[in-house]
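Scroll down for the structure; my scribbles are underneath it.
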Amino acid sequence: MNDDLYRILLKGGVTSPGELKDIILMLESAGLNEVFFGSRQDLLFPLKDVKEELQLEQLSKFNTDIVTNRSYQNIISSYVSADVFEMTYWLKGSTYLYILEGFDYLPKLKINVTDPKQRLVPLFSGNLNFIASESEDYWYLNIKLPHWKTAQYYPVLIYSWDINIISKTIEEIHEDITDVEELFFVLNKKIDTNNKTIEKDLEVPFLTFPYYEGMNRMGIDQYWLGLYWRNNNYDLSFLKDFCGFCLDNSIGKICITPWKSFIVKGIKQKSRPELERFLGQRGINVRHSQLEMNWHVPVDDSEALELKKFLVRSFDQNDISTYGLTFGISNDVGKRSHFSSIVIEKNSAPTLVMDFEVRPTYNVLHFENFDPNTQKYLAHAHDVDKIELPGLLMELSKKYFEQLGTIKTKEEKVKNTDENELHFVHQCPSCLTIYDATFGDITANIDAGTAFENLPDNYCCSVCETSKDEFKSIEIQLH
Numbered sequence: 081m082n083d084d085l086y087r088i089l090l091k092g093g094v095t096s097p098g099e100l101k102d103i104i105l106m107l108e109s110a111g112l113n114e115v116f117f118g119s120r121q122d123l124l125f126p127l128k129d130v131k132e133e134l135q136l137e138q139l140s141k142f143n144t145d146i147v148t149n150r151s152y153q154n155i156i157s158s159y160v161s162a163d164v165f166e167m168t169y170w171l172k173g174s175t176y177l178y179i180l181e182g183f184d185y186l187p188k189l190k191i192n193v194t195d196p197k198q199r200l201v202p203l204f205s206g207n208l209n210f211i212a213s214e215s216e217d218y219w220y221l222n223i224k225l226p227h228w229k230t231a232q233y234y235p236v237l238i239y240s241w242d243i244n245i246i247s248k249t250i251e252e253i254h255e256d257i258t259d260v261e262e263l264f265f266v267l268n269k270k271i272d273t274n275n276k277t278i279e280k281d282l283e284v285p286f287l288t289f290p291y292y293e294g295m296n297r298m299g300i301d302q303y304w305l306g307l308y309w310r311n312n313n314y315d316l317s318f319l320k321d322f323c324g325f326c327l328d329n330s331i332g333k334i335c336i337t338p339w340k341s342f343i344v345k346g347i348k349q350k351s352r353p354e355l356e357r358f359l360g361q362r363g364i365n366v367r368h369s370q371l372e373m374n375w376h377v378p379v380d381d382s383e384a385l386e387l388k389k390f391l392v393r394s395f396d397q398n399d400i401s402t403y404g405l406t407f408g409i410s411n412d413v414g415k416r417s418h419f420s421s422i423v424i425e426k427n428s429a430p431t432l433v434m435d436f437e438v439r440p441t442y443n444v445l446h447f448e449n450f451d452p453n454t455q456k457y458l459a460h461a462h463d464v465d466k467i468e469l470p471g472l473l474m475e476l477s478k479k480y481f482e483q484l485g486t487i488k489t490k491e492e493k494v495k496n497t498d499e500n501e502l503h504f505v506h507q508c509p510s511c512l513t514i515y516d517a518t519f520g521d522i523t524a525n526i527d528a529g530t531a532f533e534n535l536p537d538n539y540c541c542s543v544c545e546t547s548k549d550e551f552k553s554i555e556i557q558l559h
């Protein structure tokens with residue numbers, strides 16, 4: 081994300097037409113014509129300086145805060161999916177709203193409140209991931225604090241109305257907590273909560289990615305509308321008029337998705353002709369190809385957007401199906417928090433040639449079974465040119481369809497654990513080069529069989545010269 085952008089945090093990605101119109105008027109008074117949507121369901125925009133931010137906040141009738149501090153995080157939720165896509169039987173839209181209303185502080189930890197039966201909003205992209213269980217009003221808590229290497233599950237289910245106090249208390253104490261057992265002990269001493277025993281581990285069903293645009297039926301006499309802009313530059317004058325339409329037609333909520341689109345639910349059947357006329361008069365396309373919609377691209381990054389367009393054109397020309405797959409483009413190799421099936425990472429230019437123009441190279445990765453909820457990355461290709469990317473992605477698309485429907489359940493995997501041996505290696509966080517003690521490092525005259533701990537103190541990556549101290553231990557499977 082562009083560090084020059086300011087943010088307005090919409091808790092859970094939910095706003096009202098009145099509140100959004102108020103925000104738009106603020107931004108228009110700053111001379112802006114458009115706004116970006118962020119992957120954490122927030123609004124992003126440029127401003128001249130902090131002084132202008134303070135002036136704008138005084139104009140807001142809703143006491144909207146403009147956030148300049150990057151350490152604060154928006155709470156994301158799958159409220160946007162409620163009543164639209166498959167959902168846990170007890171989890172209604174009103175439940176999300178009550179939970180979100182309970183947050184009376186601005187968190188620095190990333191908090192996700194989600195339904196495991198939907199795919200539109202990522203389950204595990206936060207530090208505190210509250211995921212609905214089959215027990216009414218109880219949630220699993222998957223935790224990965226900023227200083228933890230791996231995620232861990234809280235040992236009990238969390239009651240809906242305790243989510244706020246538990247999150248707030250973890251925020252206050254987390255820096256000194258080393259594991260989930262210690263966290264559980266400290267929280268039990270500090271606060272009283274209505275926990276419940278976990279009767280079975282969380283199992284997230286494999287779901288294909290939904291189509292989230294256009295006018296779609298919702299119940300007997302209502303519709304929901306999804307709107308998507310290719311370049312994520314949402315025109316403020318259109319949004320202001322659209323808020324007016326919502327207010328005139330008693331539509332209460334507008335929801336931002338992590339895919340930089342928005343969804344409006346509860347459009348009455350009698351309002352549909354007027355809405356279709358409204359969109360048609362403004363030339364709004366509501367049927368983009370899924371080839372272009374299933375992408376996660378950094379905000380306000382013209383180079384990444386051009387790469388996406390290049391790849392989408394290649395898919396279209398080759399008549400390739402990507403139904404159910406999602407793609408992400410990243411400029412940050414060392415920081416992986418993606419939630420798309422396949423990720424294209426742009427490598428940083430080598431330190432030694434920073435003063436020269438170098439053609440960029442890319443890594444291609446995908447999640448195990450092409451399911452982001454597995455949280456396990458698999459590398460497909462390293463250091464490839466842009467021209468090679470379409471072929472590699474089409475190759476992965478075919479691989480995805482070949483394995484679709486053959487994914488093993490947890491029980492089946494347990495039977496085959498001996499067939500897939502786990503192997504530990506060390507990986508450079510900058511360029512992803514792997515040091516495997518089995519082979520050593522010929523370029524650095526390191527003999528095969530040399531343990532990573534026994535490498536010289538001055539050992540560094542043979543590709544980008546990152547020091548040994550920064551290498552990360554990772555686990556791979558040998559088939």
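Residue numbers (the numbering used here): 81 to 559. We put the CB at the ideal spot given by N, CA and C, even for glycine.
Original post:
Can you tell me whether DSSP reads residue 362 as helix, strand or coil?
Top reply: Coil, per DSSP.
Subject >> Runs of beta strand (DSSP E) wholly within the stretch 362-395 (minimum 3 residues, chain order) >> reply: Listed in chain order, nothing qualifies, since the stretch 362-395 has no complete beta strand (DSSP E) run of 3 or more residues.
Original post:
Where does residue 232 sit, in a helix, a strand or coil, going by DSSP?
Top reply: Note: residue 232 maps to strand in three-state DSSP.
Original post:
Taking DSSP as the reference, what is the three-state secondary structure of residue 249?
Top reply: Looking at residue 249 - three-state DSSP - the assignment turns out to be helix.
**OP:** For residue 62, count neighbouring Cβ atoms within 10 angstroms of its own Cβ and tell me buried if that reaches 16, exposed if not.
**Re:** This structure leaves residue 62 out entirely; the chain is present only between 81 and 559.
Original post:
What is the residue span of the beta strand (DSSP E) that residue 335 lies within?
Top reply: 334-336 is the span of the beta strand (DSSP E), which, as asked, contains residue 335.
Original post:
Would residue 97 count as contacting chain B if we go by Cβ distances under 8 angstroms?
Top reply: Absent here is chain B; the protein component of the structure consists of one chain.
**OP:** Measure the alpha-carbon distance for residue 293 versus residue 117 and round it to whole angstroms.
**Re:** Rounded to the nearest angstrom, the gap between the Cα atoms of residue 293 and residue 117 is 16 angstroms.
Subject >> DSSP-derived helix/strand/coil call for residue 281 >> reply: In the three-state reduction of the DSSP assignment, residue 281 falls in the coil class, being assigned neither a helical nor a strand state.
Original post:
Can we count residue 534 as close to the ligand FAD, meaning its CB is less than 7 angstroms from some heavy atom?
Top reply: Among the ligands in the structure shown, none appear at all, so the ligand FAD cannot be discussed.
Original post:
How would you label residue 289, buried or exposed, when you count the other beta carbons within 10 angstroms and need 16 or more for buried?
Top reply: Buried, because 16 or more other Cβ atoms sit within 10 Å of the Cβ of residue 289.
Original post:
Going by alpha carbons, who is nearest to residue 369 out of 363, 360 and 389?
Top reply: Nearest option by C-alpha distance: 389.
Subject >> Segment contact, 8 angstroms Cβ cut-off, at least three pairs: the stretch 323-332 with the stretch 275-283 >> reply: Between the stretch 323-332 and the stretch 275-283 there are fewer than three C-beta pairs closer than 8 angstroms, too few to call the two in contact.
Subject >> Three-state secondary structure assigned by DSSP to residue 461 >> reply: It is a strand residue.
**OP:** Kindly indicate which three-state DSSP category residue 495 falls into: helix, strand or coil?
**Re:** Because residue 495 sits at a pLDDT of 47, beneath the cut-off of 50, its placement in the model cannot be relied upon, and the following sentence gives the value as read from the coordinates. The answer is helix: DSSP assigns residue 495 an H, G or I state.
**OP:** May I ask you to list the residues that DSSP assigns as paired with residue 315?
**Re:** Answer by DSSP bridge pairing, in chain order: 114.
**OP:** Evaluate contact between the stretch 172-187 and the stretch 120-133, counting only Cβ atoms and requiring at least three cross-stretch pairs below 8 angstroms.
**Re:** No: the two stretches stay apart, fewer than three of their Cβ pairs being nearer than 8 angstroms.
**OP:** Reducing DSSP to helix, strand and coil, say where residue 135 ends up.
**Re:** Helix at residue 135.
Subject >> Own chain, CB closer than 7 angstroms to residue 539, minus 5 neighbours either side, in chain order >> reply: Excluding residues within five positions, the ones whose Cβ falls inside 7 angstroms are 524 and 548.
**OP:** With DSSP collapsed to three states, give me the class of residue 541.
**Re:** Coil at residue 541, not helix or strand.
Original post:
How big is the Cα-Cα spacing for residue 343 and residue 217?
Top reply: Going by the C-alpha atoms only, they are around 25 angstroms apart.
Original post:
Residues in its own chain within less than 6 angstroms of residue 206 by CB, not counting five upstream and five downstream?
Top reply: Excluding residues within five positions, the ones whose Cβ falls inside 6 angstroms are 190, 191 and 192.
**OP:** Pull up the DSSP beta-bridge partners for residue 94, would you.
**Re:** Per DSSP, 335.
Original post:
According to DSSP, what are the bridge partners of residue 552?
Top reply: Answer is 507.
Original post:
Exposed or buried, which one is residue 169 when buried takes at least 16 other CB atoms within 10 Å?
Top reply: Counting Cβ neighbours within 10 Å, residue 169 comes out exposed, since fewer than 16 surround it.
Original post:
When we look at the beta-carbon of residue 134 and count the other beta-carbons within 10 Å, is it buried (16 or more) or exposed?
Top reply: Residue 134 is exposed by the Cβ-count criterion.
**OP:** Measuring alpha carbon to alpha carbon, tell me which of 441, 480, 428 and 366 ends up nearest residue 447.
**Re:** If we check each option's Cα against that of residue 447, 480 comes out closest.
Subject >> Candidates 409, 442, 299 and 438: closest to residue 382 by CA position >> reply: Shortest Cα-Cα distance from residue 382 to any of 409, 442, 299 and 438 involves 409.
Original post:
DSSP puts residue 212 in a beta bridge; with which residues?
Top reply: DSSP, once it has assigned bridges, lists 219 as partnering residue 212.
**OP:** Grab me the residues of residue 233's own chain with a C-beta within less than 6 angstroms of its C-beta, minus the 5 sequence neighbours each way, in chain order.
**Re:** Apart from the 5 residues on each side of it in sequence, residue 233 sits with its Cβ closer than 6 angstroms to the Cβ of 222 in its chain, given in chain order.
**OP:** Could you check the C-alpha separation between residue 420 and residue 407 for me, to the nearest Å?
**Re:** The straight-line gap from Cα to Cα measures roughly 5 angstroms.
Subject >> CA-to-CA distance, residue 418 to residue 440, given in whole angstroms >> reply: Roughly 21 angstroms separates the two Cα atoms.
Original post:
If you follow the beta strand (DSSP E) that residue 425 is part of, which residue opens it and which one closes it?
Top reply: According to the DSSP assignment, residue 425 belongs to the beta strand (DSSP E) that extends over 422-426.
Original post:
Can you give the Cα-Cα distance for residue 109 and residue 136, rounded to whole angstroms?
Top reply: When the Cα atoms are used, residue 109 and residue 136 turn out to be separated by approximately 8 angstroms.
Subject >> Distance between beta carbons of residue 248 and residue 180, contact taken as under 8 angstroms >> reply: In this structure residue 180 is not in contact with residue 248, their Cβ atoms being roughly 14 angstroms apart against a cut-off of 8 angstroms.
Original post:
Should residue 104 go down as buried or exposed, given a rule of 16 or more other Cβ atoms within 10 Å for buried?
Top reply: It counts as buried.
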